[in-house]
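Below: one structure, written as structure tokens.
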Amino acid sequence: MQKRIKWKSLLLKSVMILLIGFSAYLMVFRSALKWTFEQKEYWLAVGELSIIFVTLACVFYGFSKHINLCICATGCIVLAFCYLHAYFYAFVIGGLYMLFIYLLGRTIGEFMGLHNVEHTSGLFNITYGIAGELLLVSVLSILKIGTPHRLRIIFAVLFAVLLVINRRYLNKMFHMPKTALVSINEHDSKICAIIFAAIITMVLLQIGRANISLDYDSVWYGLRSEYMLAPYTGIYDKVTAAGLVYTYGKGIETLCLPFAGLTSFGFIYSVNLYLAIGILVCVHKICRCYTSAAKSLLTVLATAVTPGVMNMAVTAKSDIATTFLELVAIYAAIRAYDKERKMFGLAIGVCILSFAFKSSSFIFSSIIIFCIVAVMFIRRIRFECSMIKPLVLMSSACICIMGRTFYLTGCPASFLFPSLWEKLGLTIKEPYGWSVVGRVSVGELFTWDYFKTAVQRLLAILYAPITEPTNHVIIAWSGLLFVFALVGIVVTMVAKVVCGQFEPIFKIYPVIAIWILLSGASIGSIVLLTKPDGNYFELWYITTLIMASCVVNVEFIKSMPGLVLIGYGGLMTLATSWGWSLGLTPISFSNYGYYNSCDFVEKYMDDNHWSNIYHELIKEKPRAMLFSEKMQYDYFLPAIMDSWSETRVWGSSWITASVEEFLHYIQISDIQYIIVDQNYLLTDSDAKMVVEKMATEGYLQTEILEENHGLFKVVENPSSIDTTAIDFVKCNKVKVMSGVYDDSWATPEVELTADNSEPVQIEVKGQLNSVSADSVIEVYVDSNKQDEYILTDFNVDIVIPIESSGTHQILLKSNFSIKATPPDIRKDLSYILSSVEIMQSVESDVGEK
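Using the numbering used here, the first residue of the sequence shown is number 6, and each one after it goes up by one.
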């Protein structure tokens with residue numbers, strides 16, 4: 006019998022190893038990550054983090070009997086790592102800011118008499134602090150002193166006051182027993198040391214690449230709060246930008262607002278990094294309500310190696326903050342269910358607060374609220390007055406943030422429930438419009454073809470997102486550990502029901518109820534949405550791992566397949582990120598632990614010919630509209646700026662429907678400048694038509710032209726036409742690529758490149774020193790000989806017609822040359838090139854052919 010069980014176990018483990026191996030093969034060799042795994046930067050990061058892991062494990066195990074020494078050694082390693090990877094100041098100041106939030110929350114709790122503050126969880130104090138910060142910024146914005154710079158001053162003074170008020174508590178807090186590390190002294194100290202080391206290593210992974218993980222969404226709105234959220238007086242500034250992201254609930258941006266406008270983006274990222282650590286703490290606390298310390302730590306490790314969770318820690322997006330609040334709500338609900346019923350109000354309030362951070366929280370947080378209310382109804386728990394205070398605090402903070410959306414758009418949310426708002430008599434203000442995520446129709450949902458497609462997509466997302474509809478999920482993938490946990494939960498639960506073992510289920514039924522509903526909502530979203538992102542389901546990933554710790558045997562994680570899954574998750578987390586970063590920030594002693602993001606931005610502007618426009622805009626911070634194809638980093642232009650493409654896709658379609666509508670949008674949005682990238686106009690005919698008509702009607706006045714970029718001032722009442730602006734937006738340009746010296750002497754072969762969007766002609770003018778009877782210049786366009794010009798006098802006057810639009814290579818090949826006058830040693834001088842111009846085609850017979 007024992008042999009049979011061993012063979013079954015061995016067979017099961019072999020099958021699991023094969024499944025893991027095949028998934029790894031697909032991800033390494035068949036996915037978008039193939040290039041990443043071929044780069045030395047990735048493997049250097051693997052090596053460095055492996056050394057960190059081994060060092061930390063030795064520290065935890067070697068100093069397990071000396072907790073204070075262990076903490077000091079670990080702190081030194083973490084700070085040294087931060088210093089070498091230019092994140093020291095961001096990490097330290099971010100930590101002080103979280104301490105400010107913590108003390109603010111504790112003080113609010115004491116003032117309002119919220120649930121025995123002295124013994125309440127630090128997670129609840131942070132939650133109170135987040136609500137307090139949102140309320141404080143809202144009030145300061147109403148008073149017209151809510152800009153980032155003023156907030157930094159006010160918060161610094163308030164922080165000093167809070168330190169004085171809470172000095173006795175701080176003294177106690179720093180001398181509390183180090184309960185998180187005491188478990189190392191138990192009989193499984195080696196395992197605990199390894200787990201602690203692995204968890205900290207995964208956090209350091211995110212810290213190590215924070216400076217090189219600029220993602221599209223963060224650059225689009227999260228890192229531009231100085232311009233798009235509070236440019237003048239605070240978060241209620243009337244910035245009329247039709248893009249959907251500018252009317253989202255700005256919870257995370259408001260929380261990070263004191264760091265907006267600093268020279269390093271790392272300060273903003275530090276808030277999410279610390280909240281990610283808060284998620285790990287929250288996971289541990291939830292698990293400890295039902296399982297052992299060992300299982301709880303393993304669940305924290307499983308969460309830390311889940312790409313879809315930890316990869317969101319180095320973004321300026323709201324996913325981490327929302328998930329943190331939702332987990333705090335679940336933890337509060339569990340404590341309320343066990344014995345502390347007053348916490349039901351806090352749990353519901355925290356869910357309401359999450360509405361201010363992310364639109365999808367209206368679905369997942371509402372599920373938690375529904376479960377809490379259902380439990381209260383089943384257990385006949387009355388809603389007491391003591392539950393109202395935290396509910397009022399959290400709801401007030403949420404109302405302040407959603408009030409901004411209402412002030413701008415006329416509706417609490419332009420992304421959700423448009424039919425509901427319309428039934429309530431609310432109409433959305435101009436220029437905003439209703440926006441919804443792409444989803445399938447009800448009729449299509451019940452067809453066999455779509456069912457097969459949905460199942461294939463679901464399996465691909467879970468096992469290996471390498472197909473065309475799912476490859477975008479890689480950067481926030483659930484990881485294979487989640488899938489095995491999911492299967493393990495289902496198998497175990499079915500087995501318990503079949504065997505009649507209902508007691509373990511009833512013991513944790515609040516968590517089971519939340520998990521079942523979250524699973525249904527998540528799977529439904531994957532099926533219904535046309536292109537779901539992996540970060541939508543962070544809460545599902547985490548609650549599944551928590552459920553697994555409650556019902557699945559911990560021995561699985563300690564087995565070979567379990568260890569392989571954890572290692573696989575760690576490697577995939579390093580290989581992926583929301584910003585597609587590669588490896589870690591290069592180690593440097595010269596940066597003194599600080600990464601200056603402004604240096605990166607200015608270098609980008611210099612390298613991409615934006616420098617003059619960048620320095621002009623930074624003087625006044627104007628309102629502008631961008632026409633560009635390089636959307637991500639071009640958003641760093643220092644202006645209150647939205648773009649044509651985002652307005653077209655994520656805004657109101659009427660704005661880009663015609664020139665008249667666009668001019669109307671410019672007027673109501675107070676747009677002062679149009680910023681144009683010619684390369685973009687060549688790819689978007691509608692944008693080119695609109696800008697060209699504005700130029701021809703005199704609405705654009707040239708300020709700066711720099712290579713293929715132009716800055717144009719918008720003229721309200723045109724009185725003259727700027728021909729320079731017209732020529733620029735027509736996108737007809739020619740450039741000398743080679744064959745001409747700095748003093749304008751041309752060699753026998755001159756190469757030109759022409760870009761045109763309409764039939765044009767290129768005029769080349771120059772002068773000769775001498776003329777012979779056989780002086781000839783041949784003209785080649787795209788390697789084909791087009792003309793031959795015989796020069797009869799001392800003037801070079803050539804016209805090159807180009808009928809087709811696009812990019813063209815032009816070669817001017819002369820059959821004569823002279824030597825320069827000594828001491829000039831050049832021997833290939835042909836003629837002096839005076840000018841090369843491009844213009845619309847007209848009939849002309851210049852020169853003798």
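Ideal Cβ placement from N, Cα and C applies to all residues, glycine included.
Along the segment 690 to 725, the alpha helix (DSSP H) occurs as fully enclosed runs of 4 or more residues at 690 to 701, listed in sequence order. In the DSSP annotation of this structure, Val776 is not part of any beta strand (DSSP E), being labelled neither H nor E. DSSP lists Met630 as the bridge partner or partners of Asp647. Shown here, Gly525 sits in a helix according to DSSP, grouped into three states. Beta-bridge pairing by DSSP links Ala751 to Val745, Tyr836. When only Cα atoms are considered, Ile726 and Gln461 end up about 58 Å apart. 8 Å or more divides the Cβ of Gly703 from the Cβ of Val681.
As a beta-bridge residue in DSSP terms, Ile680 pairs with Leu631, Leu716. Approximately 18 Å separates the beta-carbon atoms of Phe821 and Ser839; this is outside 8 Å, ruling out the contact. Counting along the chain, Lys434 sits inside no alpha helix (DSSP H), nor does DSSP assign it H or E at all. In this structure, the beta-carbon distance from Ser275 to Tyr66 does not fall below 8 Å.
Of the candidates Ser14, Ile466, Cys197, the residue whose Cα lies closest to the Cα of Cys63 is Cys197.
By the CB criterion at 8 Å, Gln44 and Leu587 fall inside the cutoff. Look at Glu808 here: in three-state DSSP terms it is coil, with no helix or strand label. Relative to Ala759, the option among Val319, Leu816, Ala29 whose CA is nearest is Leu816.
Separation of the CB atoms of Leu109 and Gly137 is rounded to 5 Å, and the pair is thereby assigned contact status at 8 Å. DSSP, reduced to helix, strand and coil, places Lys608 within a helical segment of the structure shown. In the three-state DSSP reduction, Ser230 falls in the helix class (H, G or I). As the crow flies, the alpha-carbon of Asn130 is around 41 Å from that of Ser657.
Inter-segment contact for the segment 415 to 426 and the segment 646 to 657 is absent: fewer than three beta-carbon pairs are separated by less than 8 Å. In the DSSP annotation of this structure, Glu473 is not part of any beta strand (DSSP E), being labelled neither H nor E.
Taking all protein chains shown into account, Ser595 has fewer than 16 neighbouring C-beta atoms within 10 Å of its C-beta and is therefore exposed.
Under DSSP, Ala759 shares a beta bridge with Val739, His813. Buried is the label assigned to Arg111, since at least 16 other Cβ atoms lie within 10 Å of its Cβ.
Put simply, the backbone Cα of Gly266 is about 21 Å away from that of Leu280. Shown here, Lys624 sits in coil according to DSSP, grouped into three states, outside any helix or strand. Sixteen is the threshold: since fewer than 16 other Cβ atoms of the shown chains lie within 10 Å of the Cβ of Pro827, the residue is exposed. Annotation: the segment 100 to 150 contains the following complete segments of the alpha helix (DSSP H) (minimum length 4 residues), in chain order: 127 to 147.
Counting only runs that start and end inside the segment 13 to 44, the alpha helix (DSSP H) elements of at least 4 residues fall at 39 to 42.
Nearest to Trp225 by C-alpha distance, out of Trp659, Met348, Tyr640, Asp538, is Tyr640.
Within 10 angstroms of the beta-carbon of Gly52 lie fewer than 16 other beta-carbons, which makes it exposed. It is roughly 11 Å from the alpha-carbon of Ile406 to the alpha-carbon of Leu141. Shortest Cα-Cα distance from Cys292 to any of Pro312, Ile335, Ile205 involves Ile335. Ala481 and Trp659 have their C-alpha atoms spaced approximately 34 Å apart. When secondary structure is reduced to three states using DSSP, Asp343 falls in the helix class.
Ile200 sits close to Leu306, with the two beta carbons spaced by under 8 Å.
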